[in-house]
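Shown next, in structure tokens, is the structure this report addresses.
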Amino acid sequence: MDLRVLNKRSCFLCGLVFLITGCESPKTPVEGKNAEEVYLEAKNLMKNDEFEDAAKRFKDIETYFPYSKKAGTAQIMSAYCNFKNGSYIDAIRELDVFLRYHPSSELVPYAMYLKAVSKYMTVSTVGRDSAQAKDARKAFVELINRFPTCKYVEDSQKKVIVLDDIIAAHEMIVGRYYQQNKSTLAALGRYNYVVSRFPNTKSAEEAFYRIVECCKNEGLKEEADNAAAVLKARFPKGTWVKKLNQLK
0 MDLRVLNKRS CFLCGLVFLI TGCESPKTPV EGKNAEEVYL EAKNLMKNDE FEDAAKRFKD
60 IETYFPYSKK AGTAQIMSAY CNFKNGSYID AIRELDVFLR YHPSSELVPY AMYLKAVSKY
120 MTVSTVGRDS AQAKDARKAF VELINRFPTC KYVEDSQKKV IVLDDIIAAH EMIVGRYYQQ
180 NKSTLAALGR YNYVVSRFPN TKSAEEAFYR IVECCKNEGL KEEADNAAAV LKARFPKGTW
240 VKKLNQLK
């Protein structure tokens, strides 16, 4: 046989094999398995504290078995594993999707709680912007108002108290900054916000004192006297009450 013909046939056969194999569908991570089997694999990974891999495996159920009975629960479990792995933003994203598509699920209270706690874990220190603390607080309050008798309310209320302290402390930092830079009215706005919105926080006592201080500086005697009276009534043995006599 002519060598050129043989080479042409060889090239044709190689090309044919390439086309056939190239058209084969790539295998998926769930090849040959059902949702129950993948769910069990994910749970075993979670039990072994392999949270990153477990989150991905639970996610596979959502991706490849979106209409299975395990799909909704798998979303929650994926979010939980992301939470345990410190991937709070991913957890929040998963929970947002779950709450959007499963608004009537019995898992909604837990999903809202886990979302709020995930936001709580992203809260920065008081020296920074308090937006994250306010966002987390809003999530907890929404849960408390919507499901006032659920088992997550008690812990949510405790975390709201912590967040209130963080937000109030941040407002005090900003208020002091304004006061030190002679922006007395701006400072008063911050201090009044603390005593009106967060009257039971650790910052409230100092806020009343600072209001007295600012009002005296602005010649607002009546307002200063009123704030001083509230400070004495609420914190009769407080540190800031003792400093009142030092004010001119």
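Per numbering that gives the first Met the number 0, the very first residue in the sequence shown carries number 0; after that it's consecutive.
All C-beta atoms, glycine included, are put in the ideal place defined by N, C-alpha and C.
Quick caveat: nothing in here was measured; it's all calculated off a predicted structure.
Run the CB neighbour count on R189, radius 10 Å, all protein chains shown included, and call it buried at 16 or more, exposed below.
buried
Straight-line CA distance for P198 to A186?
17 angstroms
With 16 other CB atoms within 10 Å as the buried threshold, where does Y112 fall?
buried
Cα separation between K215 and A223?
6 angstroms
Just to confirm, does Q245 get its C-beta within under 7 angstroms of one of the non-hydrogen atoms of the ligand SAM?
Among the components of this structure there are no ligands whatsoever, and the ligand SAM is therefore not found.
Between which residues of its own chain and Y119 is the CB-CB distance below 6 angstroms, once the five residues before and five after are set aside?
A135, K158
Comparing alpha-carbon positions, which option in Y177, A138, V140, E205 lies nearest A167?
E205
Mark I143 as exposed unless 16 or more other C-beta atoms lie within 10 angstroms of its C-beta, in which case mark it buried.
buried
Between A226 and the rest of its own chain, which residues show a CB-CB distance below 6 angstroms, the 5 nearest in sequence each way excluded?
F207, I210, V211
L106 and I60: beta carbons closer than 8 angstroms?
no
If I measure Cβ to Cβ from D164 and keep anything under 6 angstroms in the same chain, skipping five residues before and after, which residues do I get?
T200, K201
Could you check which residue in F64, A54, N191, E51 has the C-alpha nearest to that of T27?
F64
Kindly indicate which residue of C80, T238, A110 has the alpha-carbon position closest to the one of K150.
A110
Residue from N47, K46, K42, D48 whose Cα sits closest to the Cα of R56
K42
According to the Cβ coordinates, are A34 and S67 closer than 8 angstroms?
yes
Between the Cα of V193 and those of N180, S182, G174, spot the shortest distance and give me the residue it belongs to.
G174
Roughly how many whole angstroms lie between the Cα atoms of C13 and V37?
Confidence is the limiting factor: at C13 the pLDDT is only 48, short of 50, which leaves the residue's position unreliable, though a coordinate-based value still follows. Cα-Cα distance, rounded: 38 angstroms.
Alpha helix (DSSP H) segment containing V194, residue limits:
183-196
Three-state secondary structure (DSSP) of D164:
helix
Is the separation between the beta-carbon of E40 and that of N84 shorter than 8 angstroms?
no
To the nearest angstrom, report how far apart L94 and K114 are at their CA atoms.
6 angstroms
Unbroken alpha helix (DSSP H) runs of length 4 or more, entirely within the region 71-122: which are they?
87-100, 107-120
Using CA coordinates, which residue listed in V240, L246, K241 is at the minimum distance from K220?
L246
Reduced DSSP category for K55 - H, G, I as helix; E, B as strand; rest coil:
helix
So, at 8 angstroms on beta carbons, what are the nonlocal neighbours of Y87 in its own chain, with the 5 sequence-adjacent residues on each side left out?
N81, S117, K118, M120, T121
By the 10 Å Cβ neighbour count, where 16 or more other Cβ atoms means buried, how is L184 classified, buried or exposed?
exposed
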